[in-house]
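What follows is a short report on a single structure.
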Amino acid sequence: MQKLINYGVKRAVIGNIDAPLARSRALRDLVRETNRGDAFWFVADFDALAQRLCARGRIARARRVDIR
Numbered sequence: 001m002q003k004l005i006n007y008g009v010k011r012a013v014i015g016n017i018d019a020p021l022a023r024s025r026a027l028r029d030l031v032r033e034t035n036r037g038d039a040f041w042f043v044a045d046f047d048a049l050a051q052r053l054c055a056r057g058r059i060a061r062a063r064r065v066d067i068r
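So the sequence shown is numbered by UniProt numbering: it starts at 1 and just counts up by one.
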């Protein structure tokens with residue numbers, strides 16, 4: 001993740017991670033810290049991503065990737 005940030009690559013992890021967050025304090029800390037910045041976000045769904053992008057005044061090209 002740090003290399004992506006160093007190279008200016010912006011990414012978002014999209015999906016519900018409530019169960020892993022409940023089990024891991026380290027993951028909660030990671031999510032909280034990364035969501036404070038603007039290079040890497042954890043969001044629940046595409047609507048949440050769109051809200052974050054709009055709040056930052058960005059024009060986004062959203063690309064859905066099916067990982068099933």
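The beta-carbon is built from N, C-alpha and C at its ideal position, and this holds for glycine as well.
From a predicted model like this one, the values you see are computed outputs, not experimental measurements.
Distance between residue j and residue i (C-alpha atoms, nearest Å)
| i | j | result |
| --- | --- | --- |
| ASN16 | ASP45 | 8 Å |
| GLN2 | ALA19 | 24 Å |
| ALA60 | LYS10 | Residue placement at ALA60 cannot be trusted, given a pLDDT of 49 that sits under 50; what the coordinates show is reported in the next sentence. Distance between the alpha carbons of ALA60 and LYS10: 11 Å. |
| ASN6 | ARG23 | 29 Å |
| CYS54 | ASP47 | 10 Å |
Endpoints, alpha helix (DSSP H) assigned at residue i
| i | result |
| --- | --- |
| ILE14 | No alpha helix (DSSP H) holds ILE14; the beta strand (DSSP E) holding it covers 11-14. |
| ALA47 | Reading off the sequence shown, one finds Asp at residue 47, where the question assumed Ala. Start and end: 46-55. |
| ALA22 | 18-23 |
Same chain only: Cβ atoms within 8 Å of residue i, ignoring 5 sequence neighbours per side
| i | result |
| --- | --- |
| LEU21 | LEU27, ARG28 and VAL31 |
Nearest candidate by alpha-carbon position, reference residue i, set the options
| i | options | result |
| --- | --- | --- |
| LEU4 | GLY57, ILE14, ARG56 and PHE40 | PHE40 |
Cβ shell of residue i (< 6 Å), same chain only, five flanking positions each side left out
| i | result |
| --- | --- |
| VAL43 | ALA12, ILE14 and LEU49 |
Same chain, Cβ closer than 7 Å to residue i, five either side skipped, listed in chain order
| i | result |
| --- | --- |
| ASP38 | ARG56 |
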